[in-house]
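**Student:** Position one of the sequence shown corresponds to residue 1 (full-length UniProt numbering), numbered consecutively onward.
We treat Cβ as the ideally placed atom computed from N, Cα and C, and that holds for glycine.
A quick note: this is a predicted structure, and the numbers were derived from the prediction, not measured.
The structure's right below; bear with me while I get my questions together.
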Amino acid sequence: MVAIVIAVSQGKGGAAKTTTSVNLAGALNEIGYSTFLFDWDISKPDAVKWKGDEQYIKWIKSINKDNPVKDIEEAKSNYDFLIFDTPPNYEQNAFKAIMASDFVIIPTSINYLDQENAKDAISVPMLAKKPFKILMSKVKKGTKEGKEIQETIYKQDVSFKVIVTDRNVIAQCPRSSQWIGQFAKGSDSHEQFLELAREVISWTGIKEKNRLYEVAE
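Spelled out as structure tokens, the structure:
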């Protein structure tokens, strides 16, 4: 078994990179694909802070800044997926993470500045020749803009079909050191990340598993 590596990347902070990384990793684990998350943001390791005392989440750690290759190679033989939560502003570690990945996910919102940043974000995996997809995130459910975005992305191959709506329950997860499937199991947000995980499984071409099991920690 050699893990598929996915970098979650965006040029600006607050673009839901960490939210996407942690909840996607949790959803993949729940579906039955062993997944580990490496936090590449050395100066502001939000994913590592999210796991807290590891009471609920044990599958997150900071990447070894001096020897990231060692961490990656060791983990590749033990997991189905590795998720990279990358730093913003395209610091050196962000480029390293993308170069070491097989696929790239770019979360963005309907905010104009986020859309402009997404255009820049797309150029990086394109230059690195990495397959990428855009994830529409923080979308207001039931709004005109939300409906328009949903209609638009269904016509595009570059975007995931699922959209992640803007809900308070997602923002509350880090405070409890749980991912959404633990904090609000069965919620709309939980189902959205499970659907994202299913799309990722199909997109990456990993062999589908017939059995389901829950990895809660």
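Assuming the contact rule is C-beta atoms closer than 8 Å, F193 and L24 should be a hit. Round their C-beta distance to whole Å, please.
**Tutor:** Position 193 of the sequence shown, counting from 1, holds the residue named residue 193. Position 24 of the sequence shown, counting from 1, holds the residue named residue 24. Confirmed, about 6 Å.
**Student:** At the level of alpha carbons, what is the spacing between A197 and D66?
**Tutor:** For this step, residue 197 is matched to residue 197 along the sequence shown. For this step, residue 66 is matched to residue 66 along the sequence shown. The alpha-carbon atoms of A197 and D66 are separated by roughly 31 Å.
**Student:** In chain order, what are the residue ranges of uninterrupted beta strand (DSSP E) at least 3 long that sit wholly in the stretch 76-130?
**Tutor:** 81-85 and 103-108
**Student:** Name the two residues that bound the continuous alpha helix (DSSP H) containing F132.
**Tutor:** In the sequence shown, residue 132 corresponds to position 132, counting from 1. That residue, F132, is in no alpha helix (DSSP H); its beta strand (DSSP E) goes F132 to M136.
**Student:** Just how far apart, CA to CA, sit F103 and I170?
**Tutor:** As a first step, residue 103 is located in the sequence shown; it is residue number 103 there, counting from the start. As a first step, residue 170 is located in the sequence shown; it is residue number 170 there, counting from the start. Rounded to the nearest angstrom, the two C-alpha atoms are 24 Å apart.
**Student:** So, is M1 buried or exposed, given that buried needs 16 or more other C-beta atoms within 10 angstroms?
**Tutor:** Position 1 of the sequence shown, counting from 1, holds the residue named residue 1. That one is exposed.
**Student:** Closer than 6 Å by C-beta to W50: which residues in its own chain qualify, once you throw out the five before and the five after it? Chain order, please.
**Tutor:** Along the sequence shown, one-based indexing puts residue 50 at 50. So the list reads V22 and P174, once near-sequence residues are dropped.
**Student:** Going straight from the alpha carbon of G26 to that of Q92, what length do you get?
**Tutor:** Working through the sequence shown from its first residue, we reach residue 26 at position 26. Working through the sequence shown from its first residue, we reach residue 92 at position 92. Whole-angstrom Cα-Cα distance: 27 Å.
**Student:** Is it a yes or a no for the stretch 51-62 touching the stretch 34-43, going by three-plus beta-carbon pairs under 8 Å?
**Tutor:** Short answer: they touch.
**Student:** So, for V8: in the same chain, excluding its five sequence neighbours on each side, which residues have a beta-carbon less than 7 Å away from its beta-carbon?
**Tutor:** One-based indexing of the sequence shown puts residue 8 at position 8. Counting only Cβ-Cβ distances below 7 Å, and skipping sequence neighbours, we find K17, T20, S21, I83, F84, D85, T86, I105 and P107.
**Student:** R167: which of E191, K76 and F160 sits nearest, CA to CA?
**Tutor:** As a working note, residue 167 is residue 167 in the sequence shown. Among E191, K76 and F160, the Cα nearest to that of R167 belongs to E191.
**Student:** Would you report the Cα separation of M136 and I180, rounded to the nearest angstrom?
**Tutor:** The residue given as residue 136 occupies position 136 in the sequence shown. The residue given as residue 180 occupies position 180 in the sequence shown. M136 and I180: Cα-Cα distance of roughly 17 Å.
**Student:** Could you please give me the residues that DSSP links to L28 through a beta bridge?
**Tutor:** Residue 28 sits at position 28 when you count from the first residue of the sequence shown. Per DSSP, none; premise fails for L28.
**Student:** Let me make sure I understand the geometry here. Which of P88, K96 and K133 has the alpha-carbon closest to that of I72?
**Tutor:** By 1-based counting over the sequence shown, the position of residue 72 is 72. Of P88, K96 and K133, the residue nearest in Cα terms is K96.
**Student:** Considering just the uninterrupted stretch of the beta strand (DSSP E) at A7, what are its terminal residues?
**Tutor:** Locating residue 7 in the sequence shown gives position 7, counting from the first residue. Run containing A7: I4 to V8, per the beta strand (DSSP E) assignment.
**Student:** Would you mind working out which of Y90, K44 and I4 sits nearest Y79, comparing C-alpha positions?
**Tutor:** For the purposes of this step, residue 79 is taken as the residue at position 79 of the sequence shown. The candidate whose alpha carbon is nearest that of Y79 is I4.
**Student:** The beta strand (DSSP E) that contains S62, what's its start and end?
**Tutor:** Your numbering for residue 62 matches position 62 in the sequence shown. S62 -> beta strand (DSSP E) spans I60 to S62.
**Student:** Classify V69 as helix, strand or coil using the three-state DSSP reduction.
**Tutor:** Here residue 69 corresponds to residue number 69 of the sequence shown, with the count starting at 1. V69 falls in the helix class under three-state DSSP.
**Student:** Where does D41 fall in DSSP's three states?
**Tutor:** For the purposes of this step, residue 41 is identified with residue 41 of the sequence shown, where counting begins at 1. Of the three classes helix, strand and coil, the one that applies to D41 here is coil, per DSSP.
**Student:** Starting from V159, follow the alpha helix (DSSP H) in both directions and report where the run begins and ends.
**Tutor:** Taking the sequence shown and counting its residues from 1, the one referred to as residue 159 is at position 159. Strictly speaking, residue 159 in this sequence is Ser, with Val absent from that position. Per DSSP, S159 belongs to no alpha helix (DSSP H) and is neither H nor E.
**Student:** Quick one: what does DSSP say V164 is sitting in, helix, strand or coil?
**Tutor:** By 1-based counting over the sequence shown, the position of residue 164 is 164. V164 falls in the coil class under three-state DSSP.
**Student:** Alpha carbons only, please: which of P125, I163, K130 and K129 is nearest the one belonging to V139?
**Tutor:** Against the sequence shown, residue 139 aligns to sequence position 139. Selected option, being the one with the closest Cα: I163.
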